[in-house]
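In case it helps, my numbering puts the sequence shown at residues 20 to 308.
Ideal placement from N, C-alpha and C gives every residue a C-beta, glycine not left out.
All values derive from a computational prediction rather than experimental measurement.
These notes are about the structure you will find just below.
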Amino acid sequence: MTKPLSDQPFPPRDLVDQLHIEGLVSIHPRFETLYGGRTNKVWKVLEDDGDKVLKLYSTALRNPLFRNDAGLEAQCLKALGPEGFVPRLRAAGRYKDAHWVFYDHAPGTPWQEEAGKVGSLLRRLHDLTLSVPAPAGCNGSEDLKAHGLRILQGCSSEARDRLLERQPLQTVAPAEQTCLIHGDPVAGNILVAGKNLTLIDWQCPAHGDPTEDLALFLSPAMQSLYRGTPLTKAEEEQFLNAYGDPEIAARYRHLQPWYAWRMAAYCLWRAENGAPDYAEGLRLEIAAL
Numbered sequence: 020m021t022k023p024l025s026d027q028p029f030p031p032r033d034l035v036d037q038l039h040i041e042g043l044v045s046i047h048p049r050f051e052t053l054y055g056g057r058t059n060k061v062w063k064v065l066e067d068d069g070d071k072v073l074k075l076y077s078t079a080l081r082n083p084l085f086r087n088d089a090g091l092e093a094q095c096l097k098a099l100g101p102e103g104f105v106p107r108l109r110a111a112g113r114y115k116d117a118h119w120v121f122y123d124h125a126p127g128t129p130w131q132e133e134a135g136k137v138g139s140l141l142r143r144l145h146d147l148t149l150s151v152p153a154p155a156g157c158n159g160s161e162d163l164k165a166h167g168l169r170i171l172q173g174c175s176s177e178a179r180d181r182l183l184e185r186q187p188l189q190t191v192a193p194a195e196q197t198c199l200i201h202g203d204p205v206a207g208n209i210l211v212a213g214k215n216l217t218l219i220d221w222q223c224p225a226h227g228d229p230t231e232d233l234a235l236f237l238s239p240a241m242q243s244l245y246r247g248t249p250l251t252k253a254e255e256e257q258f259l260n261a262y263g264d265p266e267i268a269a270r271y272r273h274l275q276p277w278y279a280w281r282m283a284a285y286c287l288w289r290a291e292n293g294a295p296d297y298a299e300g301l302r303l304e305i306a307a308l
């Protein structure tokens, strides 16, 4: 019987053979499983000419908040390569009914401290003008309301009704200007090597409101899941001050209850679909409402 992909410590042999034929890996490459992500299977490829990363995309559970688009990741890595804060793309392709991307391994460890550095990094990203064909992101309270309700439609526990009762009331108009956003800038997707930060996992970018990236980084649930603890108020202020745009910071604060409510809905959905560690995230986001 074929082992489930999630239980395989190495990539499928026929995929490795395919990569070797394309000149991407040696005949007998060495692999290490990377455990940072929560969706796809990712391996570090140990080669004499420099380590690489092979990401094989999951075709399983469809995520209602974070898309899993290999094509968009490849396009973002290619477009952003000259900026120096993403890994260098080497190749992308298909394996049976799944997709894969292959890129240089970025040195560093997942972000833990100095929130201001992340604020500066996201501002740098949001100031770029790029022609990546990413979909539109949520923009304004009506979009966030509709998105949160769609997520809750996939939930069935009594907590769903309690979240529906906690829906924010404040109306915030859509932003007039949008930009390319990462879509998942959680601590686990930001690698730190000295003074350099690298943004990885570009499978759910969008052209949207920049406050969405701010909200995802600041999310108590996401910080707890990936870093072990939410940010302090001082760290949040450090992040927003370093972002350096008071109008966007003020917009984020107006939208924060909506972002917290949507994230609470997402944490509930994850907890109901085999990820019990999201129950604490649900508690944190409700407390942030």
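Query, Result
"If we call anything under 8 Å between Cβ atoms a contact, is residue 147 one with residue 199?", "yes"
"Taking buried to mean at least 16 other C-beta atoms within 10 Å of its own C-beta, is residue 272 buried or exposed?", "exposed"
"Under 8 Å, with one C-beta from each stretch per pair, do the segment 209–224 and the segment 175–185 reach the 3-pair mark?", "no"
"Is there contact here, the segment 276–285 with the segment 229–248, by at least three beta-carbon pairs under 8 Å?", "yes"
"Pull up the distance between the alpha-carbon of residue 208 and that of residue 108, whole angstroms please.", "16 Å"
"Quick check on this structure: which residue in 63, 92, 52, 44 has the alpha carbon closest to the alpha carbon of residue 225?", "92"
"When the Cα atoms are used, what is the spatial distance from residue 124 to residue 37?", "20 Å"
"Just tell me which of 111, 184, 142 has its CA closest to the CA of residue 95.", "111"
"Return the residue from the list 175, 196, 227, 267 that minimises the CA-CA distance to residue 290.", "175"
"Could you tell me the boundaries of the alpha helix (DSSP H) in which residue 166 lies?", "160–172"
"Could you please give the first and the last residue of the uninterrupted beta strand (DSSP E) stretch that includes residue 209?", "209–212"
"State whether the segment 148–166 contacts the segment 46–56, with contact taken as three or more CB pairs (one from each stretch) at a distance under 8 Å.", "no"
"Does DSSP classify residue 42 as helix, strand or coil?", "coil"
"Identify every run of the alpha helix (DSSP H) within the segment 60–117, keeping only runs that are complete inside it and at least 4 residues long; order them along the chain.", "89–99"
"When the Cα of residue 102 is compared with those of 183, 191, 143, 227, which residue comes out closest?", "143"
"The alpha helix (DSSP H) spanning residue 49 covers which residue range?", "Taken as a continuous stretch (DSSP letters only), residue 49 belongs to no alpha helix (DSSP H), being part of the beta strand (DSSP E) at 49–53."
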